[in-house]
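Numbering of the sequence shown is given in this note's numbering, commencing with residue 8 and proceeding in unit increments.
Quick reminder that beta carbons are idealized off the backbone N, C-alpha and C, glycines included.
Following: one structure in structure tokens, then a few remarks.
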Amino acid sequence: MKLVRLRDAARPRIGLTLDGQAIEAQQGDTLLTALLAAEAGHLRDSEFGDGHRAGFCLMGACQDCWVAVEGMGRVRACATLAAQGMEVRRG
Ligand code: FES
């Protein structure tokens with residue numbers, strides 16, 4: 008399910024890629040917010056076959072949201088700010 012923004016819609020837009028596809032985020036978004044608000048709308052599939060994952064703690068504690076960022080390695084999506092030009096991979 009895609010995250011729907013209800014506030015702060017006027018913040019400047021930035022562009023990045025998610026698994027090679029261009030997505031748009033807003034300045035100040037974490038990577039997790041950017042991923043969930045993108046068309047894909049989820050972080051990854053569950054290892055247990057019960058649907059999609061969207062992070063768990065959302066505060067850098069549980070390690071449920073690892074993604075790979077070109078030039079940065081593995082980062083927690085909920086604790087990393089999205090930046091213009093980032094290349095993010097979920098798998
Ligand atoms: S959702 Fe828990 S560390 Fe990111």
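Please go through the same chain and pick out, in chain order, the residues whose beta-carbon is closer than 7 angstroms to the beta-carbon of Trp73, but skip the five residues on each side of it. If you ignore the 5 residues before and after Trp73, its C-beta comes within less than 7 angstroms of the C-beta of Arg81, Arg83, all in its own chain and listed in chain order.
Counting only runs that start and end within the segment 17-80, where is the alpha helix (DSSP H) found for 4 or more residues in a row? Runs of the alpha helix (DSSP H) inside the segment 17-80: 38-44.
Just confirm the distance between the C-beta atoms of Val76 and Glu94, as a whole number of angstroms; I'd bet it's less than 8 angstroms. Rounded, the Cβ-Cβ distance is 7 angstroms, consistent with contact.
What does a CB cutoff of less than 8 angstroms around Leu50 pick up in its chain, not counting 5 residues either side in sequence? Excluding sequence neighbours, Leu50 sits near Leu39, Leu42, Leu43, His59, Arg60, Ala61, Gly62, Asp71, Cys72, Val74, Ala84, Arg97.
Using the Cα positions of Leu13 and Leu88, report the straight-line distance between them to the nearest angstrom. Straight-line Cα distance between these residues: approximately 19 angstroms.
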